[in-house]
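The structure appears below as structure tokens.
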Amino acid sequence: MSTATNDHLRSNLHRELVESGKRDQLVELLRARLIESGWRDDLKAYTKDKIQSRENTMSVDEIIKEVSPHARASIPDKVKTELLTQISAFVEDTL
């Protein structure tokens with residue numbers, strides 16, 4: 001499948017997610033599951049440690065650049081699976 005076709009499909013899917021309100025539901029589900037799993041508190045502590053371990057001041061962009069890889073990698077598999085299941089169901093229902 002071409003890149004243009006993938007971009008078009010992705011754009012249409014995003015539009016459907018937004019228009020149906022499902023995107024907001026998925027964002028809220030993700031937020032709730034990350035809080036329930038302790039991910040948010042762990043990331044907060046990790047970020048504080050990174051900032052305090054630096055001798056010089058970090059900008060917000062530097063903090064984000066430094067913390068983002070850890071944040072993505074530490075999302076619990078259970079949360080990822082639940083979210084992907086919800087997205088897959090939406091795609092199947094939409095097609």
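Number 95 marks the last residue of the sequence shown (my numbering); no jumps.
Positions of the beta carbon are idealized from the N, C-alpha and C atoms, including for glycine.
Between L83 and L43, the C-beta gap is not smaller than 8 Å, which leaves the two residues out of contact.
DSSP, read as helix, strand or coil, puts T85 in helix. Look at E55 here: in three-state DSSP terms it is coil, with no helix or strand label. Residues P76, K78 and V79 of the same chain have their beta carbon placed closer than 8 Å to that of S37, with the five preceding and five following residues left out of the count. Taking a C-beta distance under 8 Å as the contact criterion, F90 and L17 qualify as a contact pair. A straight line joining the alpha-carbon of T3 with that of L95 spans about 20 Å. In the three-state DSSP reduction, P69 falls in the helix class (H, G or I).
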